[in-house]
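Below: the structure, in structure tokens.
Numbering (the working numbering), first residue to last: 129 to 216.
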């Protein structure tokens with residue numbers, strides 16, 4: 129029963145995360161996110177700090193997650209390697 133409840137909660141979070149706003153994603157300063165078009169965008173690096181409480185030896189916050197995405201352009205042959213070329 130606990131597993132089923134956990135599964136429902138996780139699936140609800142995934143469904144919520146997959147909903148893209150009509151106007152597309154925006155950055156913290158309100159500028160449109162350059163990756164709104166999944167088939168045409170520059171290379172990107174996203175750093176998520178979160179609230180992990182982790183710090184390096186100098187006291188700087190450590191990121192919880194770093195996402196790196198390659199550049200994608202229409203008309204450029206990517207050889208179907210998108211999953212292999214993006215990294216978490």
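Where a beta carbon is used, it is the ideal one built from N, C-alpha and C, also for glycine.
Please read all numbers here as calculations on a predicted model, not as lab measurements.
Under the three-state DSSP convention, the category residue 134 falls into: Three-state result, residue 134: helix.
Endpoints, beta strand (DSSP E) assigned at residue 159: For residue 159, there is no enclosing beta strand (DSSP E), since its DSSP letter is neither H nor E.
Closest Cα partner of residue 198 within the set 159, 188, 168 and 155: Among 159, 188, 168 and 155, the Cα nearest to that of residue 198 belongs to 168.
As assigned by DSSP and simplified to three states, the class of residue 221: Residue coverage of the chain in this structure runs from 129 to 216, which leaves residue 221 outside it and unanswerable.
Residue 144 versus residue 185: straight-line alpha-carbon distance, rounded: Each residue's alpha carbon lies about 36 Å from the other.
DSSP state of residue 200 mapped onto helix, strand, coil: It is a strand residue.
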